[in-house]
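Numbering (the UniProt record's numbering), first residue to last: 1 to 904. From the three backbone atoms N, C-alpha and C, an ideal C-beta is built for every residue, glycine too. These numbers were taken from a predicted model, which means no experiment stands behind them. Worksheet: the structure to be examined is printed underneath.
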């Protein structure tokens with residue numbers, strides 16, 4: 001009794017004390033108390049005690065006691081002896097009787113504890129029969145039916161919802177429990193039917209009772225109770241009528257919908273039964289709800305009707321009166337105006353399922369498919385109209401002043417809508433689909449343009465781009481070009497509000513159909529101006545940058561005109577003030593580089609390239625100029641700004657190198673655009689790699705990227721510079737060993753020039769510097785490898801490239817380096833980091849492959865100093881550790897621990 005009083009006092013302090021320190025102390029004491037064995041007895045005593053005993057009679061204390069028992073049963077119930085379980089079962093049944101009239105939350109907790117215990121005892125006996133016997137006795141008591149309803153509700157939930165990872169009940173016992181429980185289905189359904197027919201004086205009490213009945217029925221439906229009922233008796237089952245009657249009561253509508261949806265998904269014959277009642281759902285419930293704007297009823301019916309149709313598309317394509325009534329009802333749901341898109345969104349899966357089913361009718365049923373398509377084409381045509389309307393921005397949800405993007409609900413709806421639009425396009429045919437989008441035109445000089453409607457159609461046009469293009473027909477995109485022309489003039493006060501979204505959607509369409517859009521040569525200047533304006537705005541910059549790149553890929557000849565080149569250069573010059581993302585900048589530089597690289601006049605080409613990269617040269621020049629650099633460092637903000645500008649400049653230069661066409665061998669060196677760039681790029685880079693600024697990680701990555709792309713684009717020009725390049729890379733890595741970008745760049749250099757025998761010693765020296773760097777030598781355990789996965793990947797990839805690219809003389813000269821690298825890779829392949837482990841294994845595989853091929857080629861000519869001897873030495877010295885680590889990596893920790901124990 002004393003301990004129970006302490007519990008009551010602690011609960012009171014936890015819930016009501018004004019001092020936080022007291023509440024914390026009470027909570028800690030209660031947590032510790034729950035873990036004691038005494039908690040079983042105290043909690044049971046609190047719930048079963050007679051009111052006359054001096055035990056706390058307080059809802060908070062009793063609720064806490066019920067929660068303790070529920071948790072301890074779930075977590076520790078399997079440890080109780082069978083006798084203790086039986087005693088606890090009887091005590092909880094007594095508590096159910098005691099609190100049969102409430103409070104409801106307390107009764108629910110007790111029932112949850114009881115159902116969890118039944119699941120525990122079911123593994124060792126048959127308590128369910130005893131439980132149902134007790135429930136029958138409870139029915140005879142005053143207000144006992146409330147407790148019976150609650151108990152019957154939570155019993156199936158313990159099976160359906162009890163999927164905890166730490167559950168100690170086996171799936172076999174759960175299955176047995178479920179079957180035993182479902183064997184009482186007739187009694188449960190009869191009880192629910194009796195309760196549904198019981199009338200109360202107060203309507204509120206009646207509605208509350210009906211909600212409890214529905215919640216209980218939902219639990220049993222989830223457990224599969226209707227599988228115990230003969231399919232032939234299901235259509236006329238009284239509880240089905242109770243469900244439909246509950247749909248007309250606002251307080252029980254949502255639960256009735258939930259039960260019906262669960263029935264549809266759980267039982268195969270139910271969709272056909274409910275399809276027969278579609279006229280009732282449509283005429284009695286749906287249309288009146290639509291008239292009064294009842295969002296709750298419309299949403300519930302949309303969900304139910306969609307589930308019915310989705311569960312049985314074969315019934316819908318039969319085009320019976322009920323099937324067509326269902327599609328008509330769902331069309332009403334899609335078109336229903338509301339401030340969110342949840343109702344229309346809930347129907348999309350049904351429409352996609354139906355369209356896919358029609359499109360999937362096999363070729364043996366061509367006539368049947370044609371008939372079905374003829375019937376349902378008008379349905380999907382109407383659906384498309386409704387979807388275009390619903391995918392528009394709603395005035396009440398969008399404010400030009402406060403919002404800069406589409407509402408989240410509309411974005412989510414459109415993401416889900418794309419697949420359905422593609423299906424509709426397939427079903428109606430590309431020509432019909434395009435006609436519905438373009439009908440009436442979008443732009444008129446006499447009427448104001450409905451921008452929200454236009455933007456919605458642009459979204460749909462972009463969504464089906466793949467289907468339209470694959471169809472192979474030619475379509476008139478003059479309507480799109482009219483919009484482009486109209487929007488190619490920037491308003492004096494800039495782009496504001498919704499028009500920015502229009503720019504983005506129009507740019508998406510331009511990018512998707514760039515091959516056709518590029519055919520409008522006379523409007524090309526307007527197109528470039530439109531894209532330039534869009535790139536300058538944050539909301540549309542990504543779409544416009546991507547569209548510019550696609551247009552330049554498809555219409556390079558058209559853009560050679562001076563006026564078009566002028567716009568492109570203006571875009572390039574604006575990059576510094578627009579602050580685009582690196583991805584968008586790369587798209588823009590890619591586009592401009594493609595065009596400039598194809599300009600016929602070499603003089604003009606080189607002039608424009610120099611102009612394009614001039615801001616980049618200037619930004620980098622400030623860093624490598626000692627005087628300017630010194631003054632910048634005294635102002636951290638300015639220094640950071642110049643660092644970022646230099647990093648972007650290097651990024652742009654690398655992009656230009658990667659997208660300029662490679663010169664032909666017959667082209668004079670003086671006319672080589674890449675060589676012209678290198679004459680400026682190289683001196684800057686030479687100063688840059690030797691400067692202290694390379695300590696900056698972003699700058700190092702940008703410089704290495706630019707160098708890598710320059711090497712790949714113009715390798716022949718770098719041959720004489722190899723000693724300097726590799727010296728920079730290895731030296732800077734030794735200085736700044738957190739920058740693995742130097743090793744990655746060296747891999748590219750080796751890949752390009754590794755075949756040159758005269759530089760073999762140089763390549764070995766670089767390999768030696770990287771291998772003996774402190775960070776690489778520190779890779780002595782899988783734990784360290786997991787801490788440095790980027791370094792592991794960079795180094796092992798370099799070693800793989802070295803093995804593949806260098807000649808045998810170079811390989812034979814670095815036996816000790818190969819041995820160290822193989823040992824490091826063997827360690828790294830045991831790392832938990834997937835990328836690091838795979839890179840290490842790839843290097844090991846590469847070395848073994850090259851070595852084996854070399855041995856097979858020269859089996860009879862193995863001479864001292866050859867690569868074959870080197871490979872044999874490396875394997876003989878490292879083989880044992882190599883095999884052990886690879887096996888460890890492949891089998892995993894648990895398997896190796898078992899292997900170790902079996903050996904000992």
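Where does the unbroken alpha helix (DSSP H) through residue 339 begin, and where does it stop?
-> What you label residue 339 is simply residue 339 of the chain shown in a count that begins at 1. For residue 339, there is no enclosing alpha helix (DSSP H), as DSSP marks it with neither H nor E.
Count the other C-beta atoms from every protein chain shown that fall within 10 angstroms of the C-beta of residue 345, then say buried if there are 16 or more, exposed otherwise.
-> Start at 1 with the first residue of the chain shown, and residue 345 comes out as number 345. A residue is called buried when at least 16 other Cβ atoms come within 10 angstroms of its Cβ; residue 345 meets this threshold and is buried.
Span separating the alpha-carbon of residue 666 from that of residue 602 | Counting from 1 along the chain shown, the entry for residue 666 is found at position 666. Counting from 1 along the chain shown, the entry for residue 602 is found at position 602. With a pLDDT of only 43 at residue 666, under the threshold of 50, the placement of this residue in the model should not be trusted; the figure read from the coordinates follows. The straight-line gap from Cα to Cα measures roughly 15 Å.
Residue range of the alpha helix (DSSP H) that residue 521 falls in?
-> For the purposes of this step, residue 521 is identified with residue 521 of the chain shown, where counting begins at 1. Unbroken run through residue 521: none, as it is neither H nor E.
Where residue 277 and residue 254 are concerned, what is the direct C-alpha to C-alpha distance, given to the nearest angstrom?
-> As a working note, residue 277 is residue 277 in the chain shown. As a working note, residue 254 is residue 254 in the chain shown. Taking the Cα positions, residue 277 is about 18 Å away from residue 254.
Would you say the region 563-574 touches the region 641-650, given that touching needs at least three Cβ pairs under 8 Å?
-> Touching, no, given that fewer than three Cβ pairs across the two stretches are closer than 8 Å.
Going by beta carbon distance, what residues of the same chain come within less than 6 Å of residue 871, once the five residues before and after it are set aside?
-> As a first step, residue 871 must be located in the chain shown, where it is residue number 871. Sequence-distant partners of residue 871 (beyond 5 residues in either direction) whose C-beta falls short of 6 Å from its own C-beta, in its chain, are 851.
Exposed or buried, what is residue 673 when buried is set at 16 or more other beta-carbons lying within 10 Å of its beta-carbon?
-> Translated into the one-based positions of the chain shown, residue 673 becomes position 673. Buried.
Grab me the residues of residue 759's own chain with a C-beta within less than 7 Å of its C-beta, minus the 5 sequence neighbours each way, in chain order.
-> Position 759 of the chain shown, counted from the start, is the residue given in the question as residue 759. Cβ within range, chain order: 722, 753.
Under a Cβ-count criterion, where at least 16 other Cβ atoms within 10 Å of its own Cβ denotes burial, should residue 856 be classed as buried or exposed?
-> On the chain shown, residue 856 is found 856 positions in, with the first residue counted as 1. Residue 856 sits exposed, since fewer than 16 C-beta atoms from the chains shown fall within 10 Å of its C-beta.
Report yes if the CB atom of residue 743 is closer than 8 Å to the CB atom of residue 770, and no otherwise.
-> By one-based count along the chain shown, residue 743 stands at place 743. By one-based count along the chain shown, residue 770 stands at place 770. Yes; because the gap between Cβ atoms is below 8 Å, this pair is in contact.
Helix, strand or coil: how does DSSP classify residue 199 here?
-> In the chain shown, the residue the question calls residue 199 occupies position 199. Per DSSP, reduced to three states, the secondary structure at residue 199 is coil, with no helix or strand assignment.
Can you find at least 3 beta carbon pairs, one from the region 311-331 and one from the region 292-300, that sit closer than 8 Å?
-> Counting Cβ pairs under 8 Å, fewer than three are found: no touch.
Is residue 482 helix, strand or coil by DSSP?
-> Stepping through the chain shown from its first residue, residue 482 is reached at position 482. Residue state, collapsed to three classes: helix.
Since residue 47 contacts residue 95 with CB under 8 Å, what's their CB separation in whole angstroms?
-> The count along the chain shown starts at 1 and reaches residue 47 at position 47. The count along the chain shown starts at 1 and reaches residue 95 at position 95. Between residue 95 and residue 47 the Cβ distance is about 4 Å, and since that is below 8 Å, they are a contact.
Measuring CA to CA, which of 184, 520, 281, 703 is closest to residue 476?
-> Sequence index remark: in the chain shown, residue 476 carries index 476 (1-based). Considering only alpha carbons, the answer is 520.
Give the DSSP-derived three-state secondary structure of residue 18 in the structure shown.
-> Position 18 of the chain shown, counting from 1, holds the residue named residue 18. If DSSP states are grouped into helix, strand and coil, residue 18 belongs with coil.
Which residue comes first and which comes last in the alpha helix (DSSP H) that contains residue 569?
-> Numbered from 1 along the chain shown, position 569 holds the residue referred to as residue 569. Element bounds for residue 569: 562-573.
Round the Cβ separation of residue 826 and residue 881 to the nearest angstrom and send it over; I've been treating them as touching at under 8 Å.
-> On the chain shown, position 826 is the one that residue 826 refers to. On the chain shown, position 881 is the one that residue 881 refers to. Going by Cβ atoms, the distance from residue 826 to residue 881 rounds to 6 Å, so yes, they are a contact pair.
Just mark residue 541 as buried or exposed, buried being the case when its beta carbon has 16 or more other beta carbons within 10 Å.
-> Reading the chain shown from its first residue, position 541 is the one you call residue 541. With 16 or more other Cβ atoms within 10 Å, it is buried.
Compute the Euclidean distance between the alpha carbons of residue 114 and residue 40, then round it to the nearest angstrom.
-> Against the chain shown, residue 114 aligns to sequence position 114. Against the chain shown, residue 40 aligns to sequence position 40. Spanning the two alpha carbons is a distance of roughly 14 Å.
To the nearest angstrom, how far is it from the Cα of residue 524 to the Cα of residue 581?
-> Translated into positions along the chain shown, residue 524 becomes position 524. Translated into positions along the chain shown, residue 581 becomes position 581. Roughly 26 Å separates the two Cα atoms.
Check whether the Cβ atoms of residue 424 and residue 384 lie closer than 8 Å to each other.
-> Taking the first residue of the chain shown as 1, we reach residue 424 at position 424. Taking the first residue of the chain shown as 1, we reach residue 384 at position 384. Yes, these two residues count as a Cβ contact at 8 Å.
Go ahead and pull the three-state DSSP assignment for residue 439.
-> For this step, residue 439 is matched to residue 439 along the chain shown. Note: residue 439 maps to coil in three-state DSSP.
Helix or strand or just coil, what does DSSP make of residue 513?
-> Within the chain shown, the letter at position 513 stands for residue 513. Three-state result, residue 513: coil.
Which value, in whole angstroms, describes the spacing of the CA atoms of residue 238 and residue 318?
-> On the chain shown, position 238 is the one that residue 238 refers to. On the chain shown, position 318 is the one that residue 318 refers to. Each residue's alpha carbon lies about 29 Å from the other.
Relative to the C-alpha of residue 256, which residue among 242, 265, 235, 15 is closest?
-> Translated into the one-based positions of the chain shown, residue 256 becomes position 256. Closest by C-alpha distance to residue 256, out of 242, 265, 235, 15, is 242.
Between residue 236 and residue 225, what straight-line distance do the alpha-carbon atoms span, to the nearest angstrom?
-> Locating residue 236 in the chain shown gives position 236, where the first residue counts as 1. Locating residue 225 in the chain shown gives position 225, where the first residue counts as 1. Computed Cα separation, rounded: 16 Å.
What's the gap between the Cα of residue 194 and the Cα of residue 230?
-> Here residue 194 is taken as the residue at index 194 of the chain shown, counted from 1. Here residue 230 is taken as the residue at index 230 of the chain shown, counted from 1. The straight-line gap from Cα to Cα measures roughly 20 Å.
Using a Cβ-Cβ cut-off of 6 Å (strictly less than) and excluding sequence neighbours within five positions of residue 702, which residues of its own chain qualify?
-> Stepping through the chain shown from its first residue, residue 702 is reached at position 702. Within the same chain, Cβ atoms closer than 6 Å to the Cβ of residue 702 are found at 647, 650, 651, the five residues on either side in sequence being excluded.
Expressed to the nearest angstrom, what Euclidean distance is found between the alpha-carbon atoms of residue 340 and residue 715?
-> Residue mapping note: residue 340 aligns to position 340 of the chain shown, counting from 1. Residue mapping note: residue 715 aligns to position 715 of the chain shown, counting from 1. Going by the C-alpha atoms only, they are around 57 Å apart.
Which term fits residue 321, buried or exposed, when burial requires 16 or more other beta carbons within 10 angstroms of its beta carbon?
-> Residue 321 sits at position 321 when you count from the first residue of the chain shown. With fewer than 16 Cβ atoms within 10 Å of its Cβ, residue 321 is classed as exposed.
Inspect the CB distances between the region 777-785 and the region 801-814 and report whether three or more fall short of 8 Å.
-> Short answer: they don't touch.
Would you report the Cα separation of residue 514 and residue 508, rounded to the nearest angstrom?
-> Taking the chain shown and counting its residues from 1, the one referred to as residue 514 is at position 514. Taking the chain shown and counting its residues from 1, the one referred to as residue 508 is at position 508. Rounded to the nearest angstrom, the two C-alpha atoms are 10 Å apart.
Spatial neighbours of residue 813 in its chain, beta-carbon cut-off 6 Å, leaving aside the 5 residues before and after = Taking the first residue of the chain shown as 1, we reach residue 813 at position 813. Setting aside the 5 residues that flank it on each side, residue 813 is surrounded in the same chain by 764, each with a C-beta closer than 6 Å to its C-beta; the list follows chain order.
Kindly indicate which three-state DSSP category residue 382 falls into: helix, strand or coil?
-> Taking the chain shown and counting its residues from 1, the one referred to as residue 382 is at position 382. Of the three classes helix, strand and coil, the one that applies to residue 382 here is helix, per DSSP.
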